[in-house]
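Residue numbers (my numbering), protein chains in the order written: chain A, 97 to 224; chain B, 39 to 398.
Ideal Cβ placement from N, Cα and C applies to all residues, glycine included.
Only a predicted model underlies this, so the values are computations on that prediction, with no experimental measurement involved.
Down below is the structure, laid out as structure tokens.
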Amino acid sequence: MGNNPGNLKYTKDHEWARKDGGKIVVGVTHHAQEALGDVVYVELPKVGAAVTAGASFGVIESTKAVSELFAPLSGKVTRVNAELSKEPAAVNKDPYAAWIIEIEPSNAAEYDGLLDAAAYEKLLATAK
Amino acid sequence: MPKQTPLNAAHRKLGGRMVDFAGWDMPVQFAGVVPEHLAVRNAVGLFDVSHMGEIEFKGPNALAAANALITNDLARAADGQALYAGLLNDQGGFVDDIVAYRFSPEHIFICVNASNADKDFAWMKERAKGCVPVNRSNDYAQIAVQGPKAFALVQRLANKKLDAVGTYRFTTGQVAGVDAIISRTGYTGEDGFELYVAPDKAEKLWFALLEEGKGDGAVPIGLGARDSLRTEMKYSLYGNDIDDVHTPLEAGLGWITKLDKADFIGKSVLVKQKAEGVTRKLVGFELTEPGVPRSHYPILKDGQKVGEVTSGTMGPSVKKPIGIGYVPTALSAEGSTFHVEIRGRPVAAKVVKTPFYKKG
């Protein structure tokens, strides 16, 4: 319980999404960073790139594995967290502070369709 | 159902994340690859390497029989000395890379890779002359104690002075009251020992080392950090950097290949290859643009694939994306540049001096 903030939305691919005005900020969950292990590289999309719900928008690499990052919703990338290029381990330290991209959603209603914390934690519990 | 080492329960108790490795249920990490890697570089770490195989040659022809199978020269070694060597096929490729321990000319003990143990034993049995090797893999557990504080830790628990046991030397004695082959060897680039003990004594020794090493910061280390540690040293991993098609000369292992010794399997191919010169070489490189090289990524020169990455990681100590791979000889000199194709994108790389990691 309790690793996942209640004010965020989640995906089954272990990304989180936070509403910030009209934009959606996206990162990976505590569970994701724990499963990945030490994050050593984050490959970010370009600002302005189009992303599609459920499709890969970037790559996150740990010492052992390469994993894709999946967009929680469709839209356009408005900002990327370039700090992660210098300090990828920030994802491990505080996955909910280490945002990865900001999306301007093409359909804001997609946000409401994402999992809430309780549903995400239920998903984690059943996956175990 | 993967096989378990005698330390399986200990790993689970210590929070190891278990994975299937070469048919063995092994811990890939405990606290995390980076902290474990740094613990070995700065203090001391314990590795369960009980999955490794052991094959023994005993009898009047032990030395000659074993020596004819490997690239290094046991005849030139002293009793109590260990040698890193290649076990080659008839084409000069690796059946495995091994460490051969010379107890005496009548007793040679060989440590082989877990993934190759059965294959190696079958190969040796078929090809050994005048001596029948015995597979002792089930009779030994193996614990590696590695790091700048490893020597003192093992010494405090040992029943004899270990100062005389230099690098790649070994002795027998007791550690924490457990009979052991005490070998000053390892796979990390750090000082330390590999301890071969009876399986039913492994857990006793493991926890004694952890307890005695508490003040030193001794921690258990998983396969993840074992791999990043050896990669920073450009130590070859069988199945990645060396295999049955690349020769020791191509792999930069000429130093374990004694072409002036008596005949051994693969020798004639290597003599010819040495005379003609190798066409490809295993090099260490670093990326000069962001990215992480991984095994099987293509190596490109002028847009053409000219080789392949065999190992790669973000080196936790060197703090750089480093890789190992085969390239044409013309691209093997230090400072040579090429690209590594990462997810369809060419990323610049240059050949650097290895080991990647140097003390101090």
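Item                                                                                                                           : Value
Same chain, Cβ closer than 8 Å to B/K242, five either side skipped, listed in chain order                                      : A214, G215, V216
Any C-beta of chain A under 8 Å from that of B/S266                                                                            : yes
B/M162, DSSP secondary structure in three states                                                                               : helix
Option in B/P359, B/V321, B/T317, B/P44 with minimal Cα separation from B/Y178                                                 : B/P44
Among B/Q42, B/V78, B/K299, nearest to B/A403 - alpha-carbon criterion                                                         : Past the edges of chain B, shown from 39 to 398, lies residue 403 of chain B, and the structure says nothing about it.
Element boundaries [alpha helix (DSSP H), containing B/G70]                                                                    : No alpha helix (DSSP H) contains B/G70, which DSSP labels as neither H nor E.
Cβ distance (whole Å) where A/L180 is taken to contact A/V143 below 8 Å                                                        : In fact, because the Cβ distance is near 14 Å, the residues do not count as touching under 8 Å.
B/M39 - partner residues in DSSP beta bridges                                                                                  : Answer is none; B/M39 lacks a bridge partner.
Counterpart residues of B/L338 in DSSP-defined beta bridges                                                                    : B/K343, B/H377
Residues, ordered as in the chain, of the region 147 to 176 of chain A that lie near chain B by beta-carbon distance below 9 Å : V155, E157, S158, T159, K160, V162
8 Å Cβ cutoff, B/T351 in contact with chain A                                                                                  : yes
Exposed unless 16 or more other CB atoms sit within 10 angstroms - verdict on B/H89                                            : buried
Cβ-based burial, B/E94 [other Cβ within 10 Å; buried from 16]                                                                  : buried
Among B/L325, B/D340, B/G255, B/G345, the one whose alpha carbon lies nearest that of B/K334                                   : For clarity, residue 334 of chain B is His in the given sequence; the question names Lys instead. Considering only alpha carbons, the answer is B/G345.
Length at least 3, wholly inside the region 179 to 254 of chain B: the beta strand (DSSP E) runs in chain order                : 179 to 184, 208 to 213, 216 to 221, 230 to 235
Residues in the region 120 to 133 of chain A having any Cβ partner in chain B nearer than 7 Å                                  : G133
Min CB distance A/S181 to chain B below 8 Å                                                                                    : yes
Proximity winner among B/L76, B/E74, B/I108, B/R50, relative to B/W293 (alpha-carbon distances)                                : B/I108
Three-state class that DSSP yields for B/G363 in the structure shown                                                           : strand
Per-residue burial, A/D190 [other beta carbons within 10 Å of its own, 16 or more giving buried]                               : exposed
Exposed unless 16 or more other CB atoms sit within 10 angstroms - verdict on B/G230                                           : buried
Beta-carbon proximity of B/E288 to B/Y364, cut-off 8 Å                                                                         : yes
Test item: CB-CB of B/T269 and B/V137 under 8 Å                                                                                : no
Span separating the alpha-carbon of A/V162 from that of A/I156                                                                 : 6 Å
Backbone CA spacing between A/K160 and B/A386 [nearest angstrom]                                                               : 22 Å
Integer-rounded CB distance, given that B/K388 should sit under 8 Å from B/T375                                                : 5 Å
Option nearest B/G290 by Cα separation, candidates B/D298, B/D301, B/T317, B/V57                                               : B/T317
Reference B/F132, options B/V150, B/L112, B/K96, B/M352, closest by Cα                                                         : B/V150
Per DSSP, cross-strand counterpart(s) of B/T351                                                                                : B/I360
Positions along the region 64 to 79 of chain B whose CB lies within less than 9 Å of some CB in chain A                        : V66, Q67, G70, V71, V72, P73, H75
Interfacial residues, the region 311 to 336 of chain B to chain A, with Cβ spacing under 9 Å                                   : P328, G329, V330, R332
Where B/P359 falls, given that 16 or more other Cβ within 10 Å makes a residue buried                                          : buried
Enclosing alpha helix (DSSP H) for B/R268 [first to last residue]                                                              : 261 to 270
CB contact below 8 Å: B/R381 versus chain A                                                                                    : yes
Straight-line Cα distance separating A/A204 from B/D58                                                                         : 43 Å
Continuous beta strand (DSSP E) stretch holding B/A138: start and end                                                          : 132 to 142
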